[in-house]
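Residues 631 to 1139 (the working numbering) are what the sequence shown spells out, left to right. Note that beta-carbon positions come from the ideal geometry of N, C-alpha and C, so glycine has one too.
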Amino acid sequence: MSCRRLNKTAWALFILCLPGNSIQTKSQEISLKGDWIGHYELLGTKYFSFLSIDLEGNVSIRSPHDVEELNAELFLEQAVPLIGIAKRGKTLLLRPTDIDQNKVKGRVISSEAEGEFVFFKRAVRLPLNKQHQYLGYYKTKNGIFKVWNRYDTFRVYSYLTQTISPLYAISDGRFYTDEGEVIEFDLEDSSLTWSYPNQAKVKAERFTPYEIEEISLKSGVVTLACSYYSSKVTEDVSAVVLLPGGGNLDRENYRLEAEIFGANGISSILCDKRGTGKSTGNSVNVKFTELVNDAIAQYEYLKKRVDISNRKIGFRGPSQGGRIAIMAGANVENEAFVIATSAPIMTMKEGQIYANLEYARNLGVPETIAVEVAYIWSQYYDQFLTGVIKEELVEKVNAVRNRYPSLHLPPGTTRLPAGIESVNILDDTSTYLSKVNAPILFQYGANDDRVSPRGSISKINEALSQTESDFLILEYKNANHSLMLPGFKIASGIFMDQIKWIKQKVDIE
């Protein structure tokens, strides 16, 4: 038996010992050469991995969703391959119980518990022209699957795991997700079948959940270019104004939300932000109140539609869009709900100081420097509001920038910058909360380094806890500002948490 020590990656160190890189089982030689994909699960946590063995027996493994480094060995014991993993000073063993040409599965064993693992032999990546035949929505009585391609990645949204995952081909029409799901398509039946270890299979039928109507709206002198997603799932339709976050992003970045809402019986309107896409107006010097007026124009459009109950219309927005959703909700009557994800419940000044402080800390500069960055930004906004940026502050900015050029600091000039509206700087979102006459759902990532979850939640409770306001705060462990987890995964449940909450508040069956 020969052993090969693998190269140490950012995730793991593996050693492989195989007799000719193949084993005998059921009178058939099973080659372990090739690319495998799978996971093991222990104590409720999945460890997802790609495993590759080339023709020379060299092995590589990467586990993009593991957040800690593991040391491991893969070897044979009595003709049965075993994987030994050292994890936090403890040993885990992965013992196969079933091996064939395309799948290896078995038990994972530790001193404290046992679980299961499964690896599938990977097939050739499906070309784009072949992916097309699987794209679309599939439904059961309990939820939906969405299959699509974006940024050259074939992926699925699964209501059963409430996650978005790439689809990895393991055979013709069969795919594996990094949640451990197997998705199998039946083109003749226009369906897919979902399977997962120790759970009953679920079959979903392909369907068309919504229709899209392109419209334009007036908001003062600005014309907004919009898409209206008319849900065809139920006759009892609610609707939501989907607001964009900060920056100059058009509606293309938010179509996924509109599609998932539409597939779950909630119509929506989605517009290019003023000054972006096909909408007119200026995207640089924009007051929050102007964005609120744009949101209200969309709300008034939905109220006039005969296919929507005007008492079942709400606002939803991320980050700056959450701020605008709250402000708009405080300025209309009879809205049904407001959803604010990663919304800064504070002034713009407070939010920017927090973001730049955390950015400095993430760069690893000394804490004294990070605190100085926060102080510089506080002084900069205060001086901006007076109309005069002092030379002493500029000298301090340039001195810190010379030592730490990667820091995000104000411009090194006394000239007032374009693109900042002074009325926005001290506009405090918390002052609008008690004026919203509707239920509010707040969602935050616990590791948000752009908007302070602790500061925002504290202000929410301060503003609403002594009132009769109906509000719910959900916090997602390990999630960042975009509600993403390590490994570029969307936090589980963020979409269905919104949909279930809306249906509860507006009584949609």
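Check	Outcome
Label Leu817 either buried or exposed according to how many other C-beta atoms from any shown protein chain fall within 10 Å of its C-beta, with 16 as the threshold for buried.	exposed
Near Tyr787, what residues of its chain come up, given a Cβ to Cβ distance below 7 Å and the 5 sequence neighbours on each side ignored?	Phe775, Lys776, Ile794, Ile890
Whose CA, out of Val812, Gly1017, Ala990, Tyr984, lies closest to the CA of Ala1008?	The amino acid at residue 1008 is misidentified as Ala; the sequence shows Ser. Closest option to Ser1008, Cα to Cα, is Tyr984.
Below 8 Å on the Cβ atoms is my guess for Val1027 versus Leu1039; work out the distance and round it to an integer in Å.	5 Å
Between the Cα of Ile800 and the Cα atoms of Arg752, Ile842, Asn759, which residue gives the shortest distance?	Arg752
So Ser1082 is in the beta strand (DSSP E); what residue range does that whole segment cover?	Here Ser1082 belongs to no beta strand (DSSP E), and DSSP marks it neither H nor E.
In whole angstroms, give me the CA-to-CA distance for Arg963 and Ser1064.	Per the sequence presented here, residue 963 reads as Glu, with Arg not at that position. Spanning the two alpha carbons is a distance of roughly 14 Å.
How many Å lie between Lys833 and Gly1117 at the Cα?	29 Å
Unbroken alpha helix (DSSP H) runs of length 4 or more, entirely within the stretch 972-1047: which are they?	978-993, 997-1016, 1021-1033
How many angstroms separate the CA atom of Lys733 from the CA atom of Phe837?	32 Å
With DSSP as the reference, identify every bridge partner of Gly907, one or two as the case may be.	Paired residues: none, contrary to the question.
Considering only residues of the stretch 857-922, which uninterrupted beta strand (DSSP E) runs meet the minimum length of 3 residues and lie entirely inside it, listed in chain order?	868-872, 896-901
So, with DSSP's three-state summary, where would you put Phe644?	Low local confidence applies: a pLDDT of 36 at Phe644 is under 50, so the model's placement there is unreliable, with the coordinate-based value given in what follows. Of the three classes helix, strand and coil, the one that applies to Phe644 here is coil, per DSSP.
Give the single residue among Thr1043, Asn986, Tyr840 whose Cα lies nearest to the Cα of Ser860.	Tyr840
Do Gly944 and Ile1103 come within 8 Å of each other at the CB atom, strictly closer than that value?	no
Is Ala869 near Ser898, with beta carbons less than 8 Å apart?	yes
CA-CA distance, Glu1105 and Ser972?	10 Å
Determine, using beta-carbon pairs with one atom in the stretch 805-812 and one in the stretch 863-878, whether at least three such pairs fall under 8 Å.	no
In whole angstroms, give me the CA-to-CA distance for Val916 and Ile667.	48 Å
Whole angstroms is fine: what's the gap from Ile999's alpha carbon to Leu758's?	49 Å
Could you tell me whether the Cβ atoms of Phe1101 and Ile1087 are closer together than 8 Å?	no
If you draw a straight line from the alpha carbon of Glu1002 to that of Val1066, how long is it in whole angstroms?	37 Å
If Gln1128 and Ile956 are in contact, beta carbons under 8 Å, what's the gap, nearest whole angstrom?	Rounded, the Cβ-Cβ distance is 15 Å, inconsistent with contact.
Is it true that the stretch 1064-1083 meets the stretch 1028-1047, where meeting means three or more beta-carbon pairs spaced less than 8 Å apart?	no
Among the residues of its own chain, which have a CB less than 6 Å from the CB of Asp1058, if the five just before and after it don't count?	Thr977
Do Lys903 and Pro874 have their C-beta atoms closer together than 8 Å?	yes
To which residues does DSSP link Val748 through a beta bridge?	His669, Lys735
What is the DSSP secondary structure of Pro757, reduced to helix, strand or coil?	coil
Along the beta strand (DSSP E) that carries Val832, what are the first and last residues, could you check?	829-837
Is Arg941 buried or exposed, if buried means 16 or more other CB atoms sit within 10 Å of its CB?	exposed
My output table needs one value for Ala966: the three-state DSSP class, helix, strand or coil.	coil
Ala990: buried (16+ other C-beta within 10 angstroms of its C-beta) or exposed?	buried
For Asn1054, report the span of its beta strand (DSSP E) as first-last.	Where Asn1054 is concerned, there is no enclosing beta strand (DSSP E), although the alpha helix (DSSP H) it sits in stretches over 1052-1055.
How about Gly911 and Val852: are their beta carbons less than 8 Å apart?	yes
How would you label Gln1134, buried or exposed, when you count the other beta carbons within 10 angstroms and need 16 or more for buried?	exposed
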